[in-house]
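To start, the structure under review is shown below, and the notes come after it.
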Amino acid sequence: MNYWINIYTAPENYAMDDAIADAGRQWTPDPKDIHVLHITEYSHGSAGDMFTESLSKKRITASNLLLSAIQKYIETK
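Here the sequence shown is numbered in our numbering, starting from 1195 and rising by one per residue.
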């Protein structure tokens, strides 16, 4: 099962890591394929904080969703 979590950044202070990430926008998926769309105030250099921030409308973190998906996958093997 594919499950797409898309986190966009809107940091107060735009940093070099954000410019590099903006250059990679060609990886933006088709909106109909996105399961969770979240906008954060963290910059890309704070990926750890982005990964543990509660996602909008889900009240769960991206890391919790990933862990759950891994556990479900392991249970099927």
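Using N, Cα and C, we set each Cβ at its ideal position, and we do this for glycine too. The model shown is predicted, which means the values in this text are computed figures rather than measured ones.
Specify whether the region 1214–1228 and the region 1255–1269 touch according to this definition: at least 3 beta carbon pairs, one from each stretch, less than 8 angstroms apart. No, they do not touch.
Please go through the same chain and pick out, in chain order, the residues whose beta-carbon is closer than 6 angstroms to the beta-carbon of residue 1246, but skip the five residues on each side of it. So the qualifying residues of the chain are 1255 and 1257.
Residue 1210: buried (16+ other C-beta within 10 angstroms of its C-beta) or exposed? So residue 1210 counts as exposed.
Return yes when the Cβ of residue 1212 is within less than 9 angstroms of the Cβ of residue 1222, no when it is not. Taking 9 angstroms as the Cβ cut-off, residue 1222 and residue 1212 do not qualify as a contacting pair.
For residue 1244 and residue 1271, I'd like the C-alpha separation in whole angstroms. Distance between the alpha carbons of residue 1244 and residue 1271: 30 angstroms.
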